[in-house]
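According to my numbering, the sequence shown is numbered sequentially starting from 1265.
Yeah, the Cβ is synthetic: ideal placement off N, Cα and C, and Gly gets one too.
See below for the structure under consideration.
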Amino acid sequence: MRSFTPETRSAFSDGGWQLRGSCRGASTDMFYPPENTRGNARRLNERPAKQVCESCPVLVPCRRYAVDAQEPHGIWGGTTPEERAELLRSGSIVRLAPIRPSHGR
1265 MRSFTPETRS AFSDGGWQLR GSCRGASTDM FYPPENTRGN ARRLNERPAK QVCESCPVLV
1325 PCRRYAVDAQ EPHGIWGGTT PEERAELLRS GSIVRLAPIR PSHGR
């Protein structure tokens, strides 16, 4: 069973931050790129969603929710599932700056 922070429990119960997201009203397809793409094609599919997240006023609570909930799909808080897994492993749950992909990834 997953253990959630107080912030995550709050996000589940009220979802208030979700109403203030820059993604509100955008197509969900943008935030859930096709899973069969890899490498550069995948990064190109993820880029538009990450650009929306960069200036989002709720980037931090969104990212915190996705990491705590171990959200396995989509772009949340400017992160991919792989980036969120790394944040969880490293203990760096919330990074304020958008995550930039490294070269050669």
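{"Item": "THR1343 - DSSP class collapsed to helix/strand/coil", "Value": "strand"}
{"Item": "Residue closest to ARG1284, alpha-carbon to alpha-carbon, out of PRO1298, LEU1352, PRO1321, GLN1334", "Value": "PRO1321"}
{"Item": "Candidates PHE1295, TYR1296, SER1356, of which the one nearest ARG1328 by Cα", "Value": "SER1356"}
{"Item": "Where THR1292 falls: helix, strand or coil (DSSP)", "Value": "helix"}
{"Item": "Of the residues TRP1340, CYS1326, ARG1353, the one placed nearest MET1294, counting alpha carbons only", "Value": "TRP1340"}
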